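Student:
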Amino acid sequence: MTDIIIATKWGYHYTFHSNGILVNIDHVLASKNRIIPLSSNIIHINYSDHYPVLAEFQIKH
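Residue numbers for the sequence shown follow my numbering, so the first one is 885 and each next one is one higher.
(1) How is the beta strand (DSSP E) around I889 delimited, first residue to last?
(2) Hey, P921 and I927 are a contact pair by Cβ (cut 8 Å); roughly how many whole angstroms apart?
(3) From N903 to H945, what does the alpha carbon distance come to, in whole angstroms?
(4) May I have the straight-line CA-CA distance separating Y931 from D910, to the nearest angstrom?
(5) Measuring alpha carbon to alpha carbon, tell me which residue in L913, I905 and W894 is nearest F941.
(6) Indicate the three-state DSSP secondary structure (helix, strand or coil) for N925 in the structure shown.
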């Protein structure tokens with residue numbers, strides 16, 4: 885399994901924030917054999933302590 889955020893981005897990214905704590909605890913996992921990660925985006929919103937993850941991928945034929 886591969887994490888699509890790690891496969892498509894460079895550097896540190898976080899999906900949870902609370903009291904100055906920034907960590908990546910939300911993941912989109914995909915099988916290396918069947919799915920090709922294309923892009924990912926962490927959507928920073930103000931109404932939750934978790935940020936949604938939008939992932940785009942292609943399924944191998």
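Note that CB positions come from ideal geometry on N, CA and C, so glycine has one too. Source: prediction; values computed, not measured.
Tutor: In short:
(1) Reading the sequence shown from its first residue, position 5 is the one you call residue 889. Not the beta strand (DSSP E): I889 falls in the alpha helix (DSSP H), residues I888 to T892.
(2) Residue mapping note: residue 921 aligns to position 37 of the sequence shown, counting from 1. Residue mapping note: residue 927 aligns to position 43 of the sequence shown, counting from 1. Not a contact, Cβ separation roughly 17 Å.
(3) Here residue 903 is taken as the residue at index 19 of the sequence shown, counted from 1. Here residue 945 is taken as the residue at index 61 of the sequence shown, counted from 1. Their Cα atoms are separated by approximately 45 Å.
(4) As a working mapping, residue 931 is identified with position 47 in the sequence shown. As a working mapping, residue 910 is identified with position 26 in the sequence shown. Rounded to whole angstroms, Y931 to D910 spans 17 Å at the Cα level.
(5) Working through the sequence shown from its first residue, we reach residue 941 at position 57. Of the listed residues, the one whose Cα sits closest to F941 is L913.
(6) As a first step, residue 925 is located in the sequence shown; it is residue number 41 there, counting from the start. It is a strand residue.
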